[in-house]
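Enquirer: Respectively, the protein sequence lines represent chains A and B.
For the first sequence, the numbering used here gives the first residue as 17, with consecutive numbering after it.
For the second sequence, the numbering used here gives the first residue as 104, with consecutive numbering after it.
Quick reminder that beta carbons are idealized off the backbone N, C-alpha and C, glycines included.
Nothing here was measured: the structure is a model prediction, and the numbers come from that model.
Here it is: the structure, laid out below.
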Amino acid sequence: MSPNIRIALRFLTAKRRSMIMSLVGIVFGVGFFIVTQAQTSGFEEFFIKTILGTNGAIRIEDSMQDTLRSMSSDGSTFDFAHRDNVRYVEGVAEPAKLAQAVAQFENVTGIAEVVTGVTLVRGSLRNDSARVFGVQIDDILKVSDLSQQIVFGHLNDFRINPTGLLVGRVLANRLGINVGDPITLEAVGQMRHYRVSAIFETGVSDIDRQRIYMHMQECRSLLQKPNGASFLQIAVADRYRATADAAHMQETLHHLVTPWQAREKTWLEVFRALRVSSALTVSTIILISGLGMFNTLAMIVMEKTKEISILRSMGYTRKDIAHIFLWQGAIVLIGGVILGWIFGAAITYGVSRLPIRIRGIFSTDSFVVAWSVWHYLAAATTAGVVVMLASFIPARRAARLEPGDVIRGTSQ
Amino acid sequence: MNPASASLDLAISCIGVHRYLGTGEARVHVLRGVDFEAERGKVHAIVGPSGCGKSTLLYLLGLLDRADAGEVWINGQSMSQTDDLARTAIRCEHIGFVFQFHFLLPEFTALENVMMPMRKLGRLSPEHMEARAQQLLVDVGMGDKSLRLATQLSGGEQQRVAIARSLANAPAIVLADEPTGNLDQKNSAQVFELLCRLARENGQAVVLVTHNPEIAHRCDAVRPMRDGLFI
Numbered sequence: 017m018s019p020n021i022r023i024a025l026r027f028l029t030a031k032r033r034s035m036i037m038s039l040v041g042i043v044f045g046v047g048f049f050i051v052t053q054a055q056t057s058g059f060e061e062f063f064i065k066t067i068l069g070t071n072g073a074i075r076i077e078d079s080m081q082d083t084l085r086s087m088s089s090d091g092s093t094f095d096f097a098h099r100d101n102v103r104y105v106e107g108v109a110e111p112a113k114l115a116q117a118v119a120q121f122e123n124v125t126g127i128a129e130v131v132t133g134v135t136l137v138r139g140s141l142r143n144d145s146a147r148v149f150g151v152q153i154d155d156i157l158k159v160s161d162l163s164q165q166i167v168f169g170h171l172n173d174f175r176i177n178p179t180g181l182l183v184g185r186v187l188a189n190r191l192g193i194n195v196g197d198p199i200t201l202e203a204v205g206q207m208r209h210y211r212v213s214a215i216f217e218t219g220v221s222d223i224d225r226q227r228i229y230m231h232m233q234e235c236r237s238l239l240q241k242p243n244g245a246s247f248l249q250i251a252v253a254d255r256y257r258a259t260a261d262a263a264h265m266q267e268t269l270h271h272l273v274t275p276w277q278a279r280e281k282t283w284l285e286v287f288r289a290l291r292v293s294s295a296l297t298v299s300t301i302i303l304i305s306g307l308g309m310f311n312t313l314a315m316i317v318m319e320k321t322k323e324i325s326i327l328r329s330m331g332y333t334r335k336d337i338a339h340i341f342l343w344q345g346a347i348v349l350i351g352g353v354i355l356g357w358i359f360g361a362a363i364t365y366g367v368s369r370l371p372i373r374i375r376g377i378f379s380t381d382s383f384v385v386a387w388s389v390w391h392y393l394a395a396a397t398t399a400g401v402v403v404m405l406a407s408f409i410p411a412r413r414a415a416r417l418e419p420g421d422v423i424r425g426t427s428q
Numbered sequence: 104m105n106p107a108s109a110s111l112d113l114a115i116s117c118i119g120v121h122r123y124l125g126t127g128e129a130r131v132h133v134l135r136g137v138d139f140e141a142e143r144g145k146v147h148a149i150v151g152p153s154g155c156g157k158s159t160l161l162y163l164l165g166l167l168d169r170a171d172a173g174e175v176w177i178n179g180q181s182m183s184q185t186d187d188l189a190r191t192a193i194r195c196e197h198i199g200f201v202f203q204f205h206f207l208l209p210e211f212t213a214l215e216n217v218m219m220p221m222r223k224l225g226r227l228s229p230e231h232m233e234a235r236a237q238q239l240l241v242d243v244g245m246g247d248k249s250l251r252l253a254t255q256l257s258g259g260e261q262q263r264v265a266i267a268r269s270l271a272n273a274p275a276i277v278l279a280d281e282p283t284g285n286l287d288q289k290n291s292a293q294v295f296e297l298l299c300r301l302a303r304e305n306g307q308a309v310v311l312v313t314h315n316p317e318i319a320h321r322c323d324a325v326r327p328m329r330d331g332l333f334i
């Protein structure tokens, strides 16, 4: 053990109670930092998992057309959206070819064509509007968590029944329908009868209130859209590459391609703000501990001027003296961080067991936490910066003491 | 003149040292061109009334302070151009201090206090450091109390431990500021005898500041001081 660490350890005992208070503050600060990050990240992670499991990582919709080329067309009528200087023709005209091209992207793991449109639903209690999604069941299962979202009924019933429907839970409740009940959909002036095969719940209230899945051919027929698709829903292996992949796809495929990060930007910003806000709030505990640490070390410097001078007279350099005080901070920091990690992990586990029912942007019946080593490193870094800053000033002051002045002052 | 060339026996010397203390109207000319030299193996006493500049000179000789003018030589090497790091290294290796109020580190045992300069110098293995520290404590009559904390020792005992500590790195020079000033007559005599014996045995130059004429009289050389000058 270096002489400086040995002296630092002994000096710590001089202010044991104050040091323990600082240590406890760091333990609480680090622990609460970890648990708040675990919660906010956990809910954020769960939200991302939910949206990826419902709407996929990437959506390709609306082909892009050059403005001048559109202007010089032969006058036939197009439905298009005008955004900035690009014209978007709604829908995907050649979904099969587009899917083939998309499949070339390394990160893509699944592609599903979707035809969608608005219908009027007649239930036993009331009528309501809904959005039907025409899908190939095997394709949509590759790009969503639909199989895990079924809460009543069975997916196989839907698979084998061409007129079967998968109905969102909130919509089913509003309409007063259950699995096996008949249901009537009205669209484009025609009315057709179906049967509820299963009821699903994504946890996203907007989706659960208005979405109905049906077989692709039946949907085309109902909406009278024999060709094309409304959009392609795509799953990827690495979700964090979705933005780059989407930009690349948009560039090469001339379609509007939206990654999940852009689609859910608002909620992601809310989660980010919550995470930063909670980190800042909890960091004040660490900050207060740092102030306590500063006070204690400053007191030790004042009380130990004679000892510092005698160490200097023995040949301990200014750097050694500074290190002795920095080590005191470091020792408390290391102890506080390790105990804080254990404390943080324990409360994170405890919180994950707390029941709480949340519906709206996702569905959960208990607190969701994320276990990430980065939370522990971030807590340790925050505590490290605060404690070492708090130790630096007293350490510098101790190092600047002139031994001659101190000894002269006490010996004359 | 380089005092080293004058005599190889000189461990420490100074020429024309001036030192001012305080600022503004409180500024005092404490040392007014002092010359001093100390030979190896001899005990030198600096005597004089309080405030005459004895301790200030001692701290300048011990490189704990810097002169406003003049030169200090340690083992023939001029200290005037050395930086703080070099002066600290010289203190560690060549100078041992004994202060009036012993200044042991209270959180450490007598043995650990004596080992502290050795740990800084880092020349010996931990086992050798401990053995040497124990031997030094035996030499000063504290062998049986080596594991006691400094706070568990009497004033005289602490001063003896401080002497052992000052000798830890076998320095060429031992500077003692009123080493017996805080002790009763019996302990004063013991501490002084100890310093003299060790200095002669080890060939060290001992410079001590004292008010005690009896002790000064028994030193090899006595330099009376008044108003910042030797008389």
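How about the segment 164-181 of chain A and the segment 213-222 of chain A: do they share at least three Cβ pairs that are nearer than 8 Å?
Expert: Touching, per the Cβ criterion.
Enquirer: Within the segment 311-358 of chain A, note down every full alpha helix (DSSP H) run reaching 4 residues or more, in order along the chain.
Expert: As for any alpha helix (DSSP H) of minimum length 4 sitting wholly inside the segment 311-358 of chain A, the runs are 321-330, ordered along the chain.
Enquirer: So with CB distances below 7 Å, who are the chain B contacts of A:Thr333?
Expert: By Cβ distance, chain B contributes Leu188 and Thr191.
Enquirer: Should B:Leu286 and B:Gly246 be called a contact, given that it needs their Cβ atoms to be closer than 8 Å?
Expert: no
Enquirer: Just to confirm, is the Cβ distance from A:Leu269 to A:Ala117 under 8 Å?
Expert: Between A:Leu269 and A:Ala117, the C-beta spacing is below 8 Å.
Enquirer: I need the straight-line Cα distance from B:Ser116 to B:Ala308, nearest angstrom please.
Expert: Taking the straight line joining both Cα atoms gives about 11 Å.
Enquirer: Would you report the Cα separation of A:Lys65 and A:Met232, rounded to the nearest angstrom?
Expert: 25 Å
Enquirer: Round the Cβ separation of B:Glu230 and B:Lys248 to the nearest angstrom and send it over; I've been treating them as touching at under 8 Å.
Expert: In fact, because the Cβ distance is near 21 Å, the residues do not count as touching under 8 Å.
Enquirer: Determine the contact status of A:Gly352 and A:Val43, defining contact as a CB-CB distance below 8 Å.
Expert: yes
Enquirer: Compare the C-beta of B:Met219 with all C-beta atoms of chain A and state if any pair is closer than 8 Å.
Expert: yes
Enquirer: Measure the C-alpha to C-alpha separation of A:Val46 and A:Val317 and round it to an integer number of angstroms.
Expert: 27 Å
Enquirer: What residue from A:Leu284, A:Asp154 and A:Trp357 has the CA that sits closest to A:His391's CA?
Expert: A:Trp357
Enquirer: Candidates A:Ala253, A:Gly219 and A:Arg142: which alpha carbon is nearest A:Thr200's?
Expert: A:Arg142
Enquirer: Once you ignore the five residues that flank A:Ser88 on each side, which residues in its own chain have a CB closer than 6 Å to its CB?
Expert: Residue confidence for A:Ser88 is low, a pLDDT of 49 falling below 50, so the modelled location carries little weight; the figure read from the coordinates is stated next. Once the five neighbours on either side are set aside, A:Ser88 has no close Cβ partner at all.
Enquirer: Under a CB-based cut-off of 8 Å, is B:Arg194 close to chain A?
Expert: yes
Enquirer: Any Cβ of chain B within less than 8 Å of the Cβ of A:Thr29?
Expert: yes
Enquirer: Is the shortest distance between the beta-carbon of B:Gly165 and the beta-carbons of chain A less than 8 Å?
Expert: yes
Enquirer: Could you give the first and the last residue of the continuous alpha helix (DSSP H) run that contains B:Cys195?
Expert: Asp187 to His197 is the extent of the alpha helix (DSSP H) around B:Cys195.
Enquirer: Since A:Leu68 contacts A:Arg255 with CB under 8 Å, what's their CB separation in whole angstroms?
Expert: With a Cβ gap of about 6 Å, A:Leu68 and A:Arg255 count as contacting.
Enquirer: Can you confirm whether A:Lys281, when its beta carbon is compared against all beta carbons of chain B, has any partner nearer than 8 Å?
Expert: no
Enquirer: Quick check on DSSP: helix, strand or coil for A:Ile372?
Expert: In the three-state DSSP reduction, A:Ile372 falls in the strand class (E or B).
Enquirer: Tell me the rounded alpha-carbon separation between B:Ile266 and A:Ile301.
Expert: 47 Å
Enquirer: Am I right that B:Asn272 and B:Met221 are in contact with their C-beta atoms under 8 Å? What's the rounded C-beta distance?
Expert: 6 Å
Enquirer: Relative to the C-alpha of A:Gly331, which residue among B:Val133, B:Glu140, B:Gly199 and B:Gly119 is closest?
Expert: B:Gly199
Enquirer: May I ask you to report which of helix, strand or coil DSSP gives A:Ala119?
Expert: The answer is coil: DSSP assigns A:Ala119 none of H, G, I, E or B.
Enquirer: Which residues does DSSP pair with A:Ser145 in a beta bridge?
Expert: A:Leu136
Enquirer: Which whole-angstrom value is the C-beta distance of A:Val131 and A:Leu239, which I expect to be below 8 Å?
Expert: 7 Å
Enquirer: Between which two residues does the beta strand (DSSP E) carrying A:Arg208 extend?
Expert: In the DSSP assignment, A:Arg208 falls within the unbroken beta strand (DSSP E) covering Gln206 to Phe216.
Enquirer: What residue from A:Asp155, A:Thr135 and A:Ala263 has the CA that sits closest to A:Ala128's CA?
Expert: A:Asp155
Enquirer: At 7 Å on the CB atoms, spell out the chain B contacts of A:Lys322, in chain order.
Expert: Result: Phe206.
Enquirer: Going by CA-CA distance only, name the one from A:Asn243, A:Ala361, A:Arg416 and A:Ala295 that's closest to A:Gly107.
Expert: A:Asn243
Enquirer: Would you be able to state if there are at least three C-beta pairs under 8 Å between the segment 220-230 of chain A and the segment 148-163 of chain A?
Expert: yes
Enquirer: Out of curiosity, what's the CA-to-CA distance linking B:His132 and B:Arg268?
Expert: Whole-angstrom Cα-Cα distance: 33 Å.
Enquirer: Whose C-alpha, out of B:Leu113, B:Thr313, B:Ala114 and B:Gly119, is nearest the C-alpha of B:Glu332?
Expert: The sequence as given places Leu at residue 332 of chain B; Glu does not occur at that position. Taking only the C-alpha atoms, the option nearest B:Leu332 is B:Gly119.
Enquirer: State the CB to CB distance for the pair B:Leu311 and B:Pro282, rounded to an integer number of angstroms; the pair is presumed to be in contact (CB under 8 Å).
Expert: 6 Å
Enquirer: Pairs of beta-carbons, one from the segment 178-188 of chain B and one from the segment 137-145 of chain B, closer than 8 Å: are there three or more?
Expert: no
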